[in-house]
Amino acid sequence: MTAFSISIADVSLPHALSVDDVLTGSFLECDVVSGEMTWQAFTYDCIMKAKSLYPLLQDTSLPTIWLLPAWAFQYQQKEIVIETFNQLFSTTPELVFFQGSSGMDAAIKMMAEQGIDEANIIAVDGVYLANSSAEYCYYGVGGLTAKFEISPAGWSQRFFHYETTIDFIQHDAFKALFLDASEGLAVPIDIIFSPGNGVAQDGDTWLHSLQLLAPHLSEDIDYVFPAYLLGKIGAMSGVINLYSLINNPCYRDSQHALMISQEQSVHQAVGSYVWTNEEAHS
1 MTAFSISIAD
11 VSLPHALSVD
21 DVLTGSFLEC
31 DVVSGEMTWQ
41 AFTYDCIMKA
51 KSLYPLLQDT
61 SLPTIWLLPA
71 WAFQYQQKEI
81 VIETFNQLFS
91 TTPELVFFQG
101 SSGMDAAIKM
111 MAEQGIDEAN
121 IIAVDGVYLA
131 NSSAEYCYYG
141 VGGLTAKFEI
151 SPAGWSQRFF
161 HYETTIDFIQ
171 HDAFKALFLD
181 ASEGLAVPID
191 IIFSPGNGVA
201 QDGDTWLHSL
211 QLLAPHLSED
221 IDYVFPAYLL
231 GKIGAMSGVI
241 NLYSLINNPC
251 YRDSQHALMI
261 SQEQSVHQAV
271 GSYVWTNEEA
281 HS
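In the UniProt record's numbering, the protein residues as written are 1 to 282.
Here it is, written out as C-alpha coordinates:
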(Lines of atoms letter the chains of each structure in order from A and count residues from 1; the text may use other names and numbers.)
(Lines give C-alpha, C1' and ligand atoms only; values in the text may rest on other atoms or scores of the structure.)
Protein backbone atom coordinates (compact mmCIF):
# COMPACT_ATOMS: atom_id res chain seq x y z
CA MET A 1 0.00 0.00 0.00
CA THR A 2 1.21 3.51 -0.83
CA ALA A 3 0.60 6.48 1.44
CA PHE A 4 -0.69 9.73 -0.01
CA SER A 5 -1.54 13.31 0.87
CA ILE A 6 -4.36 15.55 -0.35
CA SER A 7 -4.26 19.34 -0.30
CA ILE A 8 -7.26 21.48 -1.22
CA ALA A 9 -6.42 24.69 -3.06
CA ASP A 10 -9.71 26.28 -4.13
CA VAL A 11 -13.27 25.92 -2.85
CA SER A 12 -16.26 27.36 -4.72
CA LEU A 13 -19.49 26.41 -2.97
CA PRO A 14 -22.69 28.45 -2.65
CA HIS A 15 -22.15 28.56 1.14
CA ALA A 16 -18.34 28.46 1.48
CA LEU A 17 -15.31 29.89 -0.33
CA SER A 18 -12.44 28.21 1.52
CA VAL A 19 -11.62 24.82 3.00
CA ASP A 20 -11.39 26.43 6.45
CA ASP A 21 -14.97 27.69 6.08
CA VAL A 22 -16.09 24.17 5.23
CA LEU A 23 -14.28 22.43 8.09
CA THR A 24 -15.30 24.97 10.73
CA GLY A 25 -18.87 25.43 9.53
CA SER A 26 -18.38 29.16 8.93
CA PHE A 27 -20.90 29.29 6.13
CA LEU A 28 -22.09 32.20 4.02
CA GLU A 29 -25.75 33.03 3.63
CA CYS A 30 -27.08 31.84 0.28
CA ASP A 31 -30.41 31.43 -1.45
CA VAL A 32 -32.07 28.19 -2.43
CA VAL A 33 -32.51 27.65 -6.16
CA SER A 34 -36.18 28.11 -6.94
CA GLY A 35 -38.12 26.29 -9.63
CA GLU A 36 -37.56 22.89 -11.15
CA MET A 37 -34.01 22.05 -12.20
CA THR A 38 -33.80 20.15 -15.49
CA TRP A 39 -30.99 17.68 -16.13
CA GLN A 40 -29.90 19.81 -19.09
CA ALA A 41 -29.51 22.90 -16.89
CA PHE A 42 -27.72 20.96 -14.16
CA THR A 43 -25.32 19.40 -16.67
CA TYR A 44 -24.61 22.83 -18.17
CA ASP A 45 -23.95 24.30 -14.72
CA CYS A 46 -21.52 21.47 -13.94
CA ILE A 47 -19.62 22.12 -17.17
CA MET A 48 -19.46 25.87 -16.48
CA LYS A 49 -18.20 25.25 -12.93
CA ALA A 50 -15.52 22.92 -14.29
CA LYS A 51 -14.53 25.55 -16.86
CA SER A 52 -14.14 28.17 -14.10
CA LEU A 53 -12.02 25.88 -11.88
CA TYR A 54 -9.58 24.51 -14.47
CA PRO A 55 -7.62 27.79 -14.91
CA LEU A 56 -6.95 27.79 -11.14
CA LEU A 57 -4.72 24.70 -11.38
CA GLN A 58 -1.10 25.51 -10.66
CA ASP A 59 0.42 22.73 -12.78
CA THR A 60 -1.60 21.66 -15.81
CA SER A 61 1.20 19.31 -16.91
CA LEU A 62 -0.05 16.86 -14.27
CA PRO A 63 -2.94 14.53 -15.08
CA THR A 64 -6.27 16.00 -13.95
CA ILE A 65 -8.81 13.70 -12.34
CA TRP A 66 -12.43 14.82 -12.64
CA LEU A 67 -14.93 13.86 -9.94
CA LEU A 68 -18.50 14.44 -11.05
CA PRO A 69 -22.10 13.66 -9.96
CA ALA A 70 -23.27 10.08 -9.43
CA TRP A 71 -24.53 9.50 -12.96
CA ALA A 72 -24.21 5.72 -13.07
CA PHE A 73 -27.30 5.41 -15.26
CA GLN A 74 -27.45 8.88 -16.87
CA TYR A 75 -25.72 7.94 -20.10
CA GLN A 76 -26.70 11.08 -22.01
CA GLN A 77 -25.27 13.39 -19.35
CA LYS A 78 -22.04 11.40 -19.24
CA GLU A 79 -21.67 11.49 -23.01
CA ILE A 80 -22.19 15.25 -23.12
CA VAL A 81 -19.66 15.89 -20.33
CA ILE A 82 -16.98 13.56 -21.70
CA GLU A 83 -17.25 15.08 -25.19
CA THR A 84 -17.18 18.63 -23.80
CA PHE A 85 -14.25 17.94 -21.47
CA ASN A 86 -12.30 16.41 -24.32
CA GLN A 87 -12.81 19.57 -26.35
CA LEU A 88 -12.08 21.98 -23.49
CA PHE A 89 -9.37 20.16 -21.53
CA SER A 90 -8.22 17.24 -23.76
CA THR A 91 -9.56 14.91 -21.06
CA THR A 92 -9.73 11.16 -21.63
CA PRO A 93 -12.71 9.14 -20.30
CA GLU A 94 -10.64 7.07 -17.84
CA LEU A 95 -9.86 10.25 -15.87
CA VAL A 96 -13.54 11.17 -15.39
CA PHE A 97 -15.45 9.57 -12.50
CA PHE A 98 -19.24 9.83 -12.42
CA GLN A 99 -19.48 8.35 -8.92
CA GLY A 100 -20.51 11.27 -6.75
CA SER A 101 -19.50 10.88 -3.11
CA SER A 102 -17.35 7.79 -3.80
CA GLY A 103 -15.48 9.34 -6.72
CA MET A 104 -12.35 10.22 -4.72
CA ASP A 105 -12.07 6.68 -3.37
CA ALA A 106 -12.43 5.25 -6.88
CA ALA A 107 -9.86 7.68 -8.25
CA ILE A 108 -7.29 6.73 -5.58
CA LYS A 109 -7.73 3.05 -6.46
CA MET A 110 -7.23 3.84 -10.16
CA MET A 111 -4.14 5.97 -9.52
CA ALA A 112 -2.58 3.19 -7.43
CA GLU A 113 -3.23 0.66 -10.21
CA GLN A 114 -1.88 2.99 -12.90
CA GLY A 115 1.14 4.14 -10.88
CA ILE A 116 0.11 7.82 -10.88
CA ASP A 117 2.17 9.52 -8.16
CA GLU A 118 0.80 13.06 -8.52
CA ALA A 119 -2.39 14.51 -9.97
CA ASN A 120 -4.75 17.45 -9.94
CA ILE A 121 -8.25 16.82 -8.63
CA ILE A 122 -11.32 18.81 -9.68
CA ALA A 123 -14.64 17.88 -8.06
CA VAL A 124 -17.98 19.31 -9.23
CA ASP A 125 -21.48 18.45 -8.01
CA GLY A 126 -24.77 19.80 -6.74
CA VAL A 127 -25.07 21.27 -3.23
CA TYR A 128 -28.03 20.38 -1.01
CA LEU A 129 -28.39 22.01 2.40
CA ALA A 130 -30.89 21.20 5.14
CA ASN A 131 -33.59 23.74 5.95
CA SER A 132 -35.30 24.31 9.30
CA SER A 133 -37.53 21.30 8.64
CA ALA A 134 -34.49 19.05 8.08
CA GLU A 135 -35.34 18.80 4.36
CA TYR A 136 -32.50 19.09 1.87
CA CYS A 137 -32.90 21.89 -0.69
CA TYR A 138 -30.85 22.54 -3.83
CA TYR A 139 -28.54 25.56 -3.73
CA GLY A 140 -26.72 25.19 -7.02
CA VAL A 141 -23.48 23.66 -8.27
CA GLY A 142 -20.24 23.80 -6.31
CA GLY A 143 -16.70 22.65 -6.89
CA LEU A 144 -13.16 22.49 -5.60
CA THR A 145 -9.61 21.89 -6.78
CA ALA A 146 -7.12 19.72 -4.93
CA LYS A 147 -3.82 17.95 -5.40
CA PHE A 148 -3.02 14.29 -4.79
CA GLU A 149 0.57 13.24 -4.05
CA ILE A 150 2.30 10.06 -2.98
CA SER A 151 3.81 10.48 0.49
CA PRO A 152 6.48 8.54 2.45
CA ALA A 153 4.06 8.29 5.38
CA GLY A 154 0.34 8.84 5.89
CA TRP A 155 -2.96 7.21 4.99
CA SER A 156 -3.13 4.38 2.46
CA GLN A 157 -6.13 2.83 0.77
CA ARG A 158 -6.32 -0.89 1.63
CA PHE A 159 -9.77 -1.57 0.14
CA PHE A 160 -12.40 0.04 -2.05
CA HIS A 161 -15.45 -1.43 -3.71
CA TYR A 162 -18.43 0.19 -5.41
CA GLU A 163 -21.81 -1.36 -6.21
CA THR A 164 -24.48 0.26 -8.37
CA THR A 165 -28.01 -0.25 -7.09
CA ILE A 166 -31.38 1.31 -7.80
CA ASP A 167 -33.09 0.00 -4.66
CA PHE A 168 -31.43 -0.14 -1.24
CA ILE A 169 -34.23 -2.30 0.15
CA GLN A 170 -34.22 -4.96 -2.58
CA HIS A 171 -30.48 -4.82 -3.14
CA ASP A 172 -28.54 -3.71 -0.07
CA ALA A 173 -24.87 -4.26 -0.90
CA PHE A 174 -23.44 -3.21 2.45
CA LYS A 175 -23.52 -6.70 3.95
CA ALA A 176 -21.19 -8.03 1.25
CA LEU A 177 -19.12 -4.84 1.20
CA PHE A 178 -18.51 -4.90 4.96
CA LEU A 179 -17.55 -8.59 4.89
CA ASP A 180 -15.09 -7.95 2.05
CA ALA A 181 -13.66 -4.86 3.74
CA SER A 182 -13.05 -6.74 7.01
CA GLU A 183 -11.38 -9.77 5.41
CA GLY A 184 -7.82 -10.14 6.68
CA LEU A 185 -8.20 -7.04 8.82
CA ALA A 186 -5.37 -6.56 11.31
CA VAL A 187 -5.94 -3.01 12.55
CA PRO A 188 -9.23 -2.19 14.36
CA ILE A 189 -11.46 0.43 12.75
CA ASP A 190 -11.41 3.54 14.94
CA ILE A 191 -13.26 6.07 12.77
CA ILE A 192 -16.23 5.74 10.40
CA PHE A 193 -17.32 8.48 8.01
CA SER A 194 -21.05 7.90 7.52
CA PRO A 195 -23.13 8.89 4.47
CA GLY A 196 -26.14 9.83 6.63
CA ASN A 197 -26.92 11.09 10.10
CA GLY A 198 -27.41 7.85 12.02
CA VAL A 199 -31.14 8.42 12.39
CA ALA A 200 -32.96 8.60 9.05
CA GLN A 201 -33.60 5.06 7.81
CA ASP A 202 -33.65 5.93 4.12
CA GLY A 203 -30.17 7.46 4.37
CA ASP A 204 -28.66 5.00 6.81
CA THR A 205 -29.11 1.51 5.40
CA TRP A 206 -25.47 0.89 6.33
CA LEU A 207 -26.60 0.60 9.96
CA HIS A 208 -28.50 -2.61 9.14
CA SER A 209 -25.21 -4.39 8.47
CA LEU A 210 -23.01 -2.60 10.99
CA GLN A 211 -23.00 -5.58 13.37
CA LEU A 212 -20.88 -7.47 10.82
CA LEU A 213 -18.05 -5.07 11.62
CA ALA A 214 -18.45 -5.42 15.41
CA PRO A 215 -15.41 -7.73 15.89
CA HIS A 216 -13.25 -5.18 14.08
CA LEU A 217 -14.39 -1.96 15.77
CA SER A 218 -12.17 -0.19 18.27
CA GLU A 219 -13.55 0.44 21.76
CA ASP A 220 -12.96 4.16 21.14
CA ILE A 221 -14.51 4.30 17.68
CA ASP A 222 -15.55 7.70 16.41
CA TYR A 223 -18.53 8.14 14.08
CA VAL A 224 -18.41 11.19 11.80
CA PHE A 225 -21.51 12.52 10.02
CA PRO A 226 -20.26 15.06 7.44
CA ALA A 227 -23.74 15.65 5.98
CA TYR A 228 -24.71 17.35 9.25
CA LEU A 229 -22.02 20.01 8.84
CA LEU A 230 -21.34 20.12 5.11
CA GLY A 231 -24.72 19.28 3.62
CA LYS A 232 -25.00 16.82 0.77
CA ILE A 233 -22.26 17.88 -1.61
CA GLY A 234 -21.67 14.72 -3.64
CA ALA A 235 -18.28 14.49 -5.33
CA MET A 236 -16.78 17.20 -3.13
CA SER A 237 -17.53 15.25 0.05
CA GLY A 238 -15.12 12.41 -0.74
CA VAL A 239 -12.24 14.87 -1.17
CA ILE A 240 -13.12 16.88 1.94
CA ASN A 241 -13.56 13.77 4.10
CA LEU A 242 -10.08 12.50 3.22
CA TYR A 243 -8.58 15.97 3.59
CA SER A 244 -10.16 16.17 7.04
CA LEU A 245 -8.88 12.71 7.97
CA ILE A 246 -5.35 13.73 7.01
CA ASN A 247 -5.29 17.24 8.50
CA ASN A 248 -7.78 17.37 11.38
CA PRO A 249 -5.86 17.11 14.69
CA CYS A 250 -8.87 15.32 16.21
CA TYR A 251 -7.98 12.29 14.08
CA ARG A 252 -4.23 12.40 14.71
CA ASP A 253 -4.22 9.15 16.70
CA SER A 254 -6.51 7.24 14.31
CA GLN A 255 -5.11 4.16 12.58
CA HIS A 256 -7.97 2.82 10.47
CA ALA A 257 -10.78 4.77 8.82
CA LEU A 258 -13.83 3.50 6.95
CA MET A 259 -15.43 5.73 4.31
CA ILE A 260 -19.02 4.67 3.65
CA SER A 261 -20.88 6.32 0.77
CA GLN A 262 -24.26 5.88 -0.81
CA GLU A 263 -26.55 7.85 -3.09
CA GLN A 264 -30.18 6.85 -3.46
CA SER A 265 -30.98 4.86 -6.62
CA VAL A 266 -27.32 5.00 -7.67
CA HIS A 267 -24.70 3.25 -5.54
CA GLN A 268 -23.30 1.97 -2.27
CA ALA A 269 -19.55 1.90 -1.62
CA VAL A 270 -16.96 1.31 1.09
CA GLY A 271 -13.37 2.51 1.28
CA SER A 272 -10.90 1.38 3.94
CA TYR A 273 -7.85 3.48 4.84
CA VAL A 274 -5.00 2.62 7.23
CA TRP A 275 -2.18 4.73 8.61
CA THR A 276 1.19 3.79 7.14
CA ASN A 277 4.36 5.01 8.89
CA GLU A 278 7.81 5.53 7.43
CA GLU A 279 9.11 2.25 8.82
CA ALA A 280 6.48 0.37 6.83
CA HIS A 281 7.88 1.86 3.63
CA SER A 282 11.53 1.15 4.41
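Heads up, the beta-carbon is just placed ideally off N, CA and C, and yes, glycines get one too.
In terms of alpha-carbon separation, which member of the options lies closest to residue i?
i	options	result
I121	Y128, E149 and I246	E149
N241	L177, G103, E263 and A186	G103
residue 305	R252, Q262 and S244	In the structure displayed, the chain extends from 1 to 282; residue 305 sits before or after that span and is not available.
Y138	P14, A269, F174 and S7	P14
Straight-line CA distance for residue i to residue j?
i	j	result
L17	P215	41 Å
residue 304	S90	Here the chain has residues from 1 to 282 only, and residue 304 is not among them.
Q74	A106	18 Å
S101	Y273	16 Å
Y136	Y228	11 Å
A3	L95	21 Å
L129	L210	27 Å
Q114	P63	12 Å
M259	A9	22 Å
V239	A257	14 Å
D45	K51	10 Å
S132	V32	13 Å
List the endpoints of the continuous alpha helix (DSSP H) containing residue i.
i	result
Y138	First-last for Y138: Y136 to I150, but that is the beta strand (DSSP E), not the alpha helix (DSSP H).
Q40	W39 to L53
A176	F174 to S182
V270	That residue, V270, is in no alpha helix (DSSP H); its beta strand (DSSP E) goes H267 to T276.
E263	Counting along the chain, E263 falls outside any alpha helix (DSSP H), though it belongs to the beta strand (DSSP E) covering H256 to E263.
F88	Per the sequence shown, the amino acid found at residue 88 is Leu instead of Phe. From DSSP, the alpha helix (DSSP H) with L88 extends over Y75 to F89.
Q243	Checking the sequence shown, residue 243 turns out to be Tyr, not Gln. A235 to N247 is the span of the alpha helix (DSSP H), which, as asked, contains Y243.
Per DSSP, residue i forms a beta bridge with which residues?
i	result
V124	G143
D10	T145
A119	F148
I192	Y223 and L258
V96	W66
Whose C-beta lies closer than 8 Å to the C-beta of residue i among residues of the same chain, with five residues either side of it excluded?
i	result
A72	F98, Q99, T164, V266 and H267
D220	D190
G154	A3, F4, S5, I246, W275 and T276
To which residues of the same chain is residue i closer than 7 Å at the C-beta, ignoring the five residues directly before and after it?
i	result
residue 337	Outside the displayed range of the chain (1 to 282) lies residue 337, so it cannot be described from this structure.
E279	Here E279 scores only 46 on pLDDT, less than 50, and its place in the model should not be relied on; the value that follows carries that caveat. There are no such residues.
Y251	I191 and L245
K232	Y128 and Y136
Among residues of its own chain, excluding the 5 on either side of residue i, which ones have a beta-carbon nearer than 6 Å to its beta-carbon?
i	result
D117	I150
Q58	none
A269	S102, Y162 and S261
At a cut-off of 7 Å, would you count residue i as near the ligand SAH, judging by its Cβ distance to the nearest heavy atom?
i	result
Q157	What this structure holds is no ligand at all, so the ligand SAH is not there to describe.
Going by DSSP, what residue range makes up the beta strand (DSSP E) through residue i?
i	result
S156	G154 to T164
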